[in-house]
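Accompanying notes for the structure given below.
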Amino acid sequence: MRDLAEPYFDVWRLDRDSMIDHIEYMYHDLGVVRAWKIPRSTLRMFLLGVRERYQDNPYHNFKHCFCVTQMAYSIICKLRLRNKVSVDHLGALLTAAVCHDVDHPGLNNSYHCHARTPLAILYNYKSILEQHHFAVACRILSNKERNIFRNVNNRDEVLTNVGDLILATDLARHKDVMETYRCNIDTGFDFKNNSHVLSLLKIIIKCADVSNEVRPETVASPWVDRLFAEYSEQSAREKRERLPVTTYMDPDLVNVPESQEGFIRGIMLPMYDELCRLATDARVYFVSPLHEALLRYEIQNMRERVMKTFQFSSRI
């Protein structure tokens, strides 16, 4: 499994079956299969069941699921966490990463709230998609042939942790998740404290969920195109249904380099900075590439502004 633990791993070189093979390897390598006594066929059936439920969206699809899982695995390796965090916690993190966007419809929570969809009503307009992802994961696990938790002694606790980690990916919870983790770091992080470890796992899955710009430009750029293609589809639907239009998704209004620049500055860098306080030598793997991506978008944004100024001047 060459380069699997590296943040620069090229996810585009894998086909659908190879992604399953690589995720299986992560479960084995971190000792989860051994500790949970997961039959090989059960792990395979679980992953195939999850893959079946990922929709064919431009962005929120099974390859995105793999990307998030692979980056979570990379963070575990680069921060040397496998000997500091229990296997149950590592297994919960992997499973949450695998399931974190399962059955994503390609429409975000804002759309569901404004459209008052059945999902929004079911989950009382709170963390709608995240609650749905966890519910779908639980339905998959309810099949004995796919239940990777069936031999786990404290399976209820592990499953609860999976749910909490998936819920942490809701950006509406971003401030609370960040503040809790930062407080634990400031007061002295304790790997023996369960709440401290869970706060770390939440930051890891959040970092992994938005990790594209940590990767090389050749790997990251297609994801940016896919993300804004999915945004464009939602924007068009909002206009058709006369719903409030999400500005940053409207292709007529959005400036992609400017949007990416703002997201890296406002969300990604602060998260990865906090994450790497546990292992400052890991900054070279995660924070340095983000600064390179930020510079790239700053240059692109500057070029676009110059071009617009030139075009405006030429019309005068």
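Going by our numbering, the letters in the sequence shown line up with residues 13 to 328, in that order. Note that CB positions come from ideal geometry on N, CA and C, so glycine has one too.
Outcome for GLU157 when other beta-carbon atoms lying within 10 angstroms are tallied against a minimum of 16: exposed
Within a Cβ cutoff of 8 angstroms, which residues of the same chain sit near HIS186, ignoring the five residues on either side of it in sequence? LYS218 and ILE279
Selected residue, minimal CA-CA separation from ASN206, among ARG94, SER53 and HIS101: Considering only ARG94, SER53 and HIS101, the residue with the shortest C-alpha distance to ASN206 is HIS101.
Tell me which same chain residues have a C-beta within less than 7 angstroms of the C-beta of TYR284, skipping the five on either side of it? CYS219, PHE298, VAL299 and LEU302
Of the listed residues ILE32, ILE133 and LEU131, nearest to LEU106 (C-alpha basis): ILE32
State the CB to CB distance for the pair ILE216 and ILE87, rounded to an integer number of angstroms; the pair is presumed to be in contact (CB under 8 angstroms). 5 angstroms
Pick out whichever of PHE78, ASP176 and VAL44 has its Cα sitting closest to the Cα of TRP24. PHE78
Tell me whether GLY103 is buried or exposed, calling it buried when 16 or more other Cβ atoms sit within 10 Å of its Cβ. buried
Spatial distance of TRP1 from VAL226 (CA atoms): This structure cannot speak to residue 1, because the chain is shown only from 13 to 328.
Inside the segment 74 to 113 only - beta strand (DSSP E) runs reaching at least 3 residues: none
Once you ignore the five residues that flank ASN120 on each side, which residues in its own chain have a CB closer than 8 angstroms to its CB? LEU141, GLN246 and THR258
Is ALA248 helix, strand or coil when you go by DSSP? Secondary structure at ALA248: helix, using DSSP grouped into helix, strand and coil.
Proximal residues to THR81 (C-beta, below 8 angstroms), its chain only, five neighbours per side dropped: ILE35, MET38, LEU106, ALA109, VAL110 and ALA220
With 16 other Cβ atoms within 10 Å as the buried cut-off, status of ASP264: exposed
Whose CA, out of PRO282, ASN196 and ALA294, lies closest to the CA of LEU91? ALA294
Give a yes or no on whether the C-beta atoms belonging to LEU55 and ILE152 are separated by under 8 angstroms. no
Could you pull the start and end residues of the alpha helix (DSSP H) that ALA180 belongs to? 167 to 180
Considering only the alpha carbon of each residue, which of ASP22, TYR135, ASN165 and MET314 lies closest to HIS76? ASP22
What number of angstroms, rounded off, separates the C-alpha of MET261 from the C-alpha of ARG14? 36 angstroms
Would you call the segment 172 to 186 and the segment 126 to 143 touching, i.e. three or more CB-CB distances under 8 angstroms? yes
So the candidates are HIS112, LEU42 and TYR85; which of them puts its Cα closest to the Cα of VAL99? LEU42
Need the endpoints of the alpha helix (DSSP H) that THR54 sits in, please. 52 to 65
Which two residues bound the contiguous alpha helix (DSSP H) that contains ALA47? Here the alpha helix (DSSP H) through ALA47 covers 44 to 48.
Burial state of ASP115, where buried means 16 or more other Cβ atoms lie within 10 Å: buried
Alpha-carbon spacing of SER139 relative to ARG52, whole angstroms: 33 angstroms
Limits of the unbroken alpha helix (DSSP H) element including ASP15: That residue, ASP15, is in no alpha helix (DSSP H); it is neither H nor E in DSSP.
Straight-line CA distance for LEU59 to ALA149? 11 angstroms
By the DSSP assignment, the alpha helix (DSSP H) with VAL266 in it spans what residues? Boundaries for VAL266: no alpha helix (DSSP H) harbours it, and the DSSP string shows neither H nor E there.
Could you tell me the boundaries of the alpha helix (DSSP H) in which SER207 lies? 206 to 221
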